[in-house]
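Visitor: Take the sequence shown: its letters are residues 1 to 540, numbered as in this note's numbering.
We treat Cβ as the ideally placed atom computed from N, Cα and C, and that holds for glycine.
Sending over a structure as C-alpha cells; questions will come in a sec.
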Amino acid sequence: MTQVPTNKLLRLLHTDHPPDVRRAAALVLGELGVRDGDVAKALGDALDDADSSVRLEVVRTIGKLRIESALPRLLSRIKEGGEEADAAAHAAAHLGAKGTRALQELMPKVAPGLRRYIAAALAGGGTASATAAAAAVLLDKDPGVVEAAVRSLAEQIPTLAAPQRQAWTDQLLELANDRKTTLSSVNQAAVVRLLAALDDPRAGAALWDKVAPPHPPEVRAAALQAVGKWANAPTKDQLKRLFASAADRDFRIAAPALVILQRLPINDRLAAEWLALLRAPDVAVRQLALQKVGDRDTAETAAALVLQLRHADRGLREAALGRLTRLEHGRKALTSALLEAESPDQAWPMARAQAPFAKDYSVAWRDEVFEKTSVYLEAADRRADPLLFLLRESDAADLRDRLEQRALAHRKKKAYTAALTYLRLLGRDPACGFALRLELAACGLKESGKDLAAESRGADPCLHQFVSLSQQDDGELVRQTEQMKWLGPEDLYYLGFHLAEQEGRAKKAGAEILKRVLKRSPRTKLGQAAKSKLRSAGLA
C-alpha cells in the first residue's frame, strides 16, 4: 500500500520541484521507514542536490533508514566540514558496526575540528558498536573530541533505558577505577561528569575518591559537583575531604565543596573545622564560615574572628567586627587586637566598634588600655588617638584624672617633655581650669629656649599661655608661680621680662615676678638684669 505514495515521494525529490517540496519529501521518506533499492538510489542521487537545506535533510533521512550503500558518500561529506558534516557523521553512526568502524578509521585522518563531529556522532549513535566506540573516544588525547563526546552522551542519558544506564555506569566505573591506565585530567573529568549525569549510587565511592589530591583540579571540581547529590549525611572521612576542598586555593574546587557544606547543620563536632575555614584563601569561604560559627561565644571563635580584621575585604572585616562586639570573648579579643594594632587606620574601626559598650568596661580594662595609651603618647605614636577616644567614651572624667596624675608624676621627676604631652591633651578641653593651664604653661617654660629676642618670644607658646592667664587673674598667677619652687630664676626672669612688656594685668604680673627674681638673687647677673628691666619698663 505504500508503493504508490513512495513512488510519488521519490518523484518529488527531482530538481524540477521547489526546494521546500524536495526537503519535505526527504523528511516524509524518513518517517515512513521504507528502505528498498529505489529509495536508496533516489536518496543517494539527492545528496548532490544544489540546495544545501535539501542535502541536509537527505543526509538525516539516510541515517534514519540506515542505508549502508550511502556510507562512502557520507564519509566524503564529513571531510568537507560544516553543518552537513555533522549530520553525515551522525547518519554514519546509525549504520551499525560498519558505520562505526568507518568513522573510527576516518577520525585520525581528518582535521581536529572534524574529529569532534565524529566523536559526538559515535556518542549519539545509539547502537551497541557506537556505544563501545564512544567509550573509547572518551580516552582520546584531543580535549575537543572528548568534550564533544561527553556532551552528546549527556544529552542521551535521560532517554536511556535502565539496562543501558547500568551498562554505561559499569563501563565508566571500570575506567575510573583502572589503576594501570594513566588518564589525562580531561579524560578523568569526562568520566566523572558522565558518572554524575547517570546518577547511579554505585558511582559514589569512585567519585569521592576523585575529590581529594593528587587528582587534577578539573577532576576534583567535577567530582565535588557530582557527589553533592549524595552528601546529605557525609561520613567523617567525606567531611574531612569537603573541608579540605573548601580551603583549597582553586575556587573551582572550593565552590562546589562550599555548596555542599552550606546545606549541613552546624554542631560542636564540626565547629573546629569551620573555624579553620576562617583562614581559607577565598573570601567567600570565610564569609560562610563566619555565618556558621561567628556567633559562638568562645575564645577560639573570638581569636579566629580577630584574624579577619586584617583581611583586604571590607565586608568581611565589618562582619567579623560586628560579631566580636556582640560576644563577651569577642570584646576581650577585640581589646587585645586594638592594643596590638599596627597602625591608626587598623585601630580606629576596632575602637569605634567598642564605643557603644565602653561604659560597661571595668576599671582593670581602663588601667590596661591607659598604660598602652601612655606608651603611644610618649612615643608620639598616632595609635594613641583611637585609644584616647575609647577611654573617653568609657569614662571621660576618669581619663582626665589619669592624664593629670600622669602629667604631675612626670613633672615631679623633671620629665617636662613627657608631662607636656599629657598637659596639652588636657588643655584642649575648654573646661580645663586655671591650675592645669598654669601647669601646662610652666612645664612649657621649663622646656623653652628662653631666647629674649622679641621674635623668639613671640613664637613661644608658653608665654602666650602666661599672658592669657594673667589677663584672667594676675594676682592668682603671681601667687601660684611663687609656690612653684621648681621654677628657677632663669625661668622667672624670662617670664617676667616678657610680661613686663605687655599691657594691663600682664604688665603688673611681670613686675611682681621680676621683683621676686631681684629679691631672691639681688647680686647675681639675673638680679641686676631684673632690676634693669624694671627700670626700663617704668616698674621700679
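For P256, which option in V306, A246 and L264 has the closest C-alpha, if you only look at C-alpha atoms?
Guide: Here residue 256 refers to the residue found at position 256 when the sequence shown is read from its first residue. For P256, the nearest C-alpha among the options comes from A246.
Visitor: How do the region 423-431 and the region 449-462 stand: do at least 3 beta-carbon pairs fall below 8 Å, yes or no?
Guide: No, they do not touch.
Visitor: In the structure shown, what three-state DSSP assignment does E501 receive?
Guide: For this step, residue 501 is matched to residue 501 along the sequence shown. Note: E501 maps to coil in three-state DSSP.
Visitor: Secondary structure at N187, three-state DSSP: helix, strand or coil?
Guide: Along the sequence shown, one-based indexing puts residue 187 at 187. Three-state result, N187: helix.
Visitor: Helix, strand or coil for A379 per DSSP?
Guide: Along the sequence shown, one-based indexing puts residue 379 at 379. If DSSP states are grouped into helix, strand and coil, A379 belongs with coil.
Visitor: Between the C-alpha atoms of E482 and L469, what's the straight-line distance to the nearest angstrom?
Guide: Walking along the sequence shown from the start, residue 482 turns up at place 482. Walking along the sequence shown from the start, residue 469 turns up at place 469. E482 and L469: Cα-Cα distance of roughly 15 Å.
Visitor: Where does K525 land, buried or exposed, given buried means 16+ other C-beta within 10 angstroms?
Guide: On the sequence shown, position 525 is the one that residue 525 refers to. Per the 10 Å Cβ criterion, exposed.
Visitor: Below 7 Å CB to CB, which residues in the same chain sit around R249 once its five sequence neighbours on both sides are set aside?
Guide: What you label residue 249 is simply residue 249 of the sequence shown in a count that begins at 1. Closer than 7 Å at the Cβ level, and outside the excluded window around R249, lie P281.
Visitor: So which of I157, L327 and L420 has the shortest CA-CA distance to F357?
Guide: If you number the sequence shown from 1, residue 357 lands on position 357. The shortest C-alpha separation from F357 is found at L327.
Visitor: Using the rule of at least 16 other Cβ atoms within 10 Å of the residue's Cβ for burial, across every protein chain shown, is T2 buried or exposed?
Guide: Stepping through the sequence shown from its first residue, residue 2 is reached at position 2. Confidence at T2 is low in this model, with a pLDDT of 45, below 50, so its placement is unreliable and the value that follows should be read with caution. The residue in question, T2, is exposed, as its Cβ has fewer than 16 Cβ neighbours within 10 Å.
Visitor: Where do the ends of the alpha helix (DSSP H) carrying I67 lie?
Guide: Numbered from its first residue, the sequence shown carries residue 67 at position 67. I67 -> no alpha helix (DSSP H), and no H or E assigned at all.
Visitor: Alpha carbon to alpha carbon, how far is R331 from L275? Give it in angstroms, no decimals.
Guide: For the purposes of this step, residue 275 is identified with residue 275 of the sequence shown, where counting begins at 1. For the purposes of this step, residue 331 is identified with residue 331 of the sequence shown, where counting begins at 1. Taking the straight line joining both Cα atoms gives about 18 Å.
Visitor: May I ask which residues mark the beginning and end of the alpha helix (DSSP H) holding C443?
Guide: Stepping through the sequence shown from its first residue, residue 443 is reached at position 443. Run containing C443: F434 to E447, per the alpha helix (DSSP H) assignment.
Visitor: For V363, does the count of other Cβ atoms within 10 angstroms reach 16, so buried, or fall short, so exposed?
Guide: Position 363 of the sequence shown, counting from 1, holds the residue named residue 363. Classification for V363: exposed.
Visitor: Report yes if the C-beta distance between A442 and Q471 is below 8 Å; otherwise report no.
Guide: One-based indexing of the sequence shown puts residue 442 at position 442. One-based indexing of the sequence shown puts residue 471 at position 471. Result no, Cβ atoms of A442 and Q471 do not sit closer than 8 Å.
Visitor: Could you pull out every residue in the same chain whose Cβ sits closer than 8 Å to the Cβ of E218, ignoring the five residues on either side in sequence?
Guide: Indexing the sequence shown from 1 puts residue 218 at position 218. These residues qualify, in order along the chain: S185, V186, Q188, A189 and R252.
Visitor: Do P58 and A26 have their CB atoms nearer than 8 Å?
Guide: Looking up residue 58 in the sequence shown gives position 58. Looking up residue 26 in the sequence shown gives position 26. Residue 58 is actually Val in this sequence, not Pro. Cβ distance < 8 Å, so V58 and A26 count as in contact.
Visitor: Is DSSP giving E342 helix, strand or coil here?
Guide: What you label residue 342 is simply residue 342 of the sequence shown in a count that begins at 1. In the structure shown, E342 sits in coil (DSSP, three-state: anything other than H, G, I, E or B).
Visitor: Whole-angstrom Cβ separation of I62 and Y117, contact assumed at under 8 Å?
Guide: Here residue 62 refers to the residue found at position 62 when the sequence shown is read from its first residue. Here residue 117 refers to the residue found at position 117 when the sequence shown is read from its first residue. Their Cβ separation, rounded to whole angstroms, is 16 Å, which puts I62 and Y117 out of contact at 8 Å.
Visitor: Can you name, in chain order, every residue of its own chain whose Cβ lies under 6 Å from the Cβ of V133, other than the five neighbours on each side?
Guide: In the sequence shown, residue 133 corresponds to position 133, counting from 1. In the sequence as displayed, the identity of residue 133 is Ala instead of Val. Excluding positions up to five away in sequence, the list reads T100, Q104 and L122.
Visitor: Under the assumption that T325 contacts W365 (Cβ atoms under 8 Å), give the Cβ distance between them as a whole number of angstroms.
Guide: By one-based count along the sequence shown, residue 325 stands at place 325. By one-based count along the sequence shown, residue 365 stands at place 365. Contact flag wrong, Cβ pair sits at about 14 Å.
Visitor: Who are the near neighbours of S53 in its chain, counting only those whose CB is closer than 7 Å to its CB and skipping five residues on each side?
Guide: What you label residue 53 is simply residue 53 of the sequence shown in a count that begins at 1. Result list for S53: P19 and R23, in chain order.
Visitor: Quick one: Cα of K485 to Cα of A304, how far?
Guide: Locating residue 485 in the sequence shown gives position 485, counting from the first residue. Locating residue 304 in the sequence shown gives position 304, counting from the first residue. Rounded to whole angstroms, K485 to A304 spans 55 Å at the Cα level.
Visitor: Determine the contact status of Q629 and L390, defining contact as a CB-CB distance below 8 Å.
Guide: The displayed coordinates of the chain run from 1 to 540. Any statement about residue 629 would go beyond what the structure contains.
Visitor: Rounded to the nearest angstrom, how far is the Cβ of L438 from that of L477, given a contact under 8 Å?
Guide: To locate residue 438, count along the sequence shown from 1; it is residue 438. To locate residue 477, count along the sequence shown from 1; it is residue 477. About 7 Å separates the two Cβ atoms, so the contact holds.
Visitor: Comparing C-alpha positions only, which one of A97, H464, Q156 and Q465 sits nearest to A120?
Guide: To locate residue 120, count along the sequence shown from 1; it is residue 120. Considering only alpha carbons, the answer is Q156.
Visitor: For H410, report the span of its alpha helix (DSSP H) as first-last.
Guide: On the sequence shown, position 410 is the one that residue 410 refers to. Counting along the chain, the alpha helix (DSSP H) containing H410 begins and ends at A384 to K412.
Visitor: Is Y361 helix, strand or coil when you go by DSSP?
Guide: Within the sequence shown, residue 361 is the residue found at index 361, counting from 1. Three-state DSSP puts Y361 in coil, outside helix and strand.
Visitor: Comparing C-alpha positions only, which one of L270, D473 and W230 sits nearest to A244?
Guide: Here residue 244 is taken as the residue at index 244 of the sequence shown, counted from 1. The option with the nearest alpha carbon to A244 is L270.
Visitor: Just verifying my parser: in three-state terms, what is the DSSP assignment at A530?
Guide: The residue you call residue 530 lines up with position 530 of the sequence shown. Residue state, collapsed to three classes: helix.
Visitor: For K549 and E68, which I take to be in contact (beta-carbon distance under 8 Å), what is that distance rounded to the nearest angstrom?
Guide: Residue 549 is absent from the structure shown; the chain starts at 1 and stops at 540.
Visitor: Give every residue of the same chain whose Cβ lies closer than 6 Å to the Cβ of G289, excluding the five residues on either side of it in the sequence, and list them in chain order.
Guide: Locating residue 289 in the sequence shown gives position 289, counting from the first residue. Sequence check: residue 289 is Ala here, not Gly. For A289, where only same-chain residues beyond five positions count, the Cβ hits under 6 Å are W274, L277 and L278.
Visitor: Specify, as a first and last residue, the run of the alpha helix (DSSP H) that H90 falls within.
Guide: Counting from one through the sequence shown, the residue named residue 90 turns up at place 90. Segment E83 to A93, the alpha helix (DSSP H) holding H90.
Visitor: Let's see if you can read the secondary structure: which residues bound the alpha helix (DSSP H) around V211?
Guide: As a working note, residue 211 is residue 211 in the sequence shown. Where V211 is concerned, there is no enclosing alpha helix (DSSP H), given that its DSSP letter is neither H nor E.
Visitor: Touching or not, the region 213-227 and the region 163-174, by the rule of three or more beta carbon pairs under 8 Å?
Guide: Touching, no.
Visitor: Count the other CB atoms within 10 Å of the CB of E371; is the residue buried (16 or more) or exposed (fewer)?
Guide: In the sequence shown, the residue the question calls residue 371 occupies position 371. E371 should be labelled exposed.
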